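See structure below.
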Ligand code: FO1
């Protein structure tokens with residue numbers, strides 16, 4: 296059995312959070328870091344909201360709403376209802392307990408703390424030992440080109456229920472963003488790096504697009520392994536399948552491997568895609584075929600353990 300010391304996961308929202316939780320269940324948490332997409336972050340009612348960071352944080356803390364994967368289980372909506380009473384459209388479902396996170400994060404940021412230290416403070420208070428690392432402390436915003444116009448990510452994803460055809464994707468201010476020292480150190484000292492089964496286009500790609508991160512990954516000594524979020528030609532959740540198609544990328548683990556070409560050494564695919572093992576291997580990738588759908592917690596730990604049991608090597 297390989298003994299990976301430092302394990303680093305790149306994660307976006309719900310799919311990423313599930314695998315990070317699985318890793319946290321089977322690997323020493325003081326040797327586990329998650330580099331999290333912050334290009335979904337936005338401001339609402341003057342509060343700074345970081346959905347992917349919170350999704351990973353709530354999931355690891357055992358607080359996440361199991362029905363949605365985001366938000367807090369059993370949360371109430373009194374604050375949002377009161378906001379609606381003032382005539383505001385309550386389009387983004389913020390629960391009362393969730394509001395506490397956004398209020399405190401906004402407060403700490405306004406006091407001069409960074410996104411990284413704020414996240415560490417909130418996560419530690421929730422009893423999380425793994426390092427939750429925002430990809431950058433600088434603002435980056437995913438924007439989606441629809442037939443109408445460029446939309447902010449949450450406008451496209453939540454307000455318009457990701458119904459629009461995606462003509463293009465851009466990450467506003469990415470060229471001015473820098474990776475944090477924590478992110479670069481985590482990558483450099485990693486023994487295994489895992490791209491979680493998050494949306495490649497809008498969850499993992501923004502992390503890779505922060506100037507310096509792609510280069511740090513390519514220079515890393517650790518093997519890099521992606522878990523395909525596409526199973527049997529479809530995304531389990533969200534618009535990843537339609538986004539790949541609209542970018543002219545094959546909606547299969549082959550397309551996922553294409554997006555990560557030159558970075559990953561291996562890929563984990565679902566049993567449903569077992570026929571793709573040979574073509575992926577022909578592309579020089581180590582392939583592990585498994586049951587990758589993560590339902591309950593035991594599924595998550597089982598998949599994480601399986602990934603850690605493979606003898607991945609750096610190409
Ligand atoms: N996603 C939705 O589809 N609808 C919502 O109303 C919604 C609210 C929400 C509140 C807090 C939070 O942390 C996440 C929330 N999400 C919601 C999820 C989220 O915006 C997306 O899943 C991610 O940005 C994509 O990874």
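In my numbering, the protein residues as written are 296 to 610.
Note that CB positions come from ideal geometry on N, CA and C, so glycine has one too.
Quantities reported herein were computed from a predicted structural model and do not represent experimental measurements.
First through last residue of the alpha helix (DSSP H) which encompasses residue i
i: residue 394; result: 391 to 405
i: residue 463; result: Segment 463 to 467 is the beta strand (DSSP E) holding residue 463; no alpha helix (DSSP H) there.
i: residue 560; result: That residue, residue 560, is in no alpha helix (DSSP H); it is neither H nor E in DSSP.
i: residue 499; result: No alpha helix (DSSP H) holds residue 499; DSSP gives it neither H nor E.
i: residue 340; result: Unbroken run through residue 340: none, as it is neither H nor E.
i: residue 568; result: Per DSSP, residue 568 belongs to no alpha helix (DSSP H) and is neither H nor E.
i: residue 514; result: 508 to 514
i: residue 553; result: 548 to 554
Three-way DSSP call (helix, strand, coil) for residue i in this model
i: residue 614; result: A query on residue 614 cannot be resolved here, the shown segment of the chain reaching from 296 to 610 and no further.
i: residue 598; result: helix
i: residue 410; result: helix
i: residue 302; result: strand
i: residue 449; result: helix
i: residue 530; result: strand
i: residue 379; result: helix
i: residue 359; result: strand
i: residue 482; result: helix
i: residue 588; result: coil
i: residue 421; result: coil
i: residue 335; result: coil
i: residue 312; result: helix
i: residue 608; result: coil
i: residue 352; result: helix
i: residue 545; result: coil
i: residue 504; result: helix
i: residue 416; result: helix
i: residue 388; result: coil
i: residue 460; result: coil
i: residue 443; result: coil
i: residue 574; result: helix
i: residue 495; result: helix
i: residue 346; result: helix
Check: residue i C-beta below 8 Å from any heavy atom of the ligand FO1
i: residue 349; result: yes
i: residue 316; result: no
i: residue 530; result: no
i: residue 301; result: no
i: residue 458; result: no
i: residue 308; result: yes
i: residue 448; result: yes
i: residue 608; result: no
i: residue 585; result: no
i: residue 466; result: no
i: residue 533; result: yes
i: residue 431; result: no
i: residue 335; result: yes
i: residue 566; result: no
i: residue 453; result: yes
i: residue 524; result: no
i: residue 411; result: no
i: residue 363; result: yes
i: residue 391; result: no
i: residue 550; result: no
i: residue 344; result: yes
i: residue 324; result: no
i: residue 486; result: no
i: residue 401; result: no
i: residue 507; result: no
i: residue 357; result: no
Beta strand (DSSP E) segment containing residue i, residue limits
i: residue 521; result: 519 to 522
i: residue 585; result: 581 to 585
i: residue 438; result: 436 to 440
Residues sharing a beta bridge with residue i, DSSP
i: residue 328; result: 303 and 426
i: residue 431; result: 474
i: residue 490; result: 305 and 521
i: residue 367; result: 359
Residue i CB to nearest heavy atom of the ligand ATP below 8 Å
i: residue 388; result: What this structure holds is the ligand FO1, not the ligand ATP.
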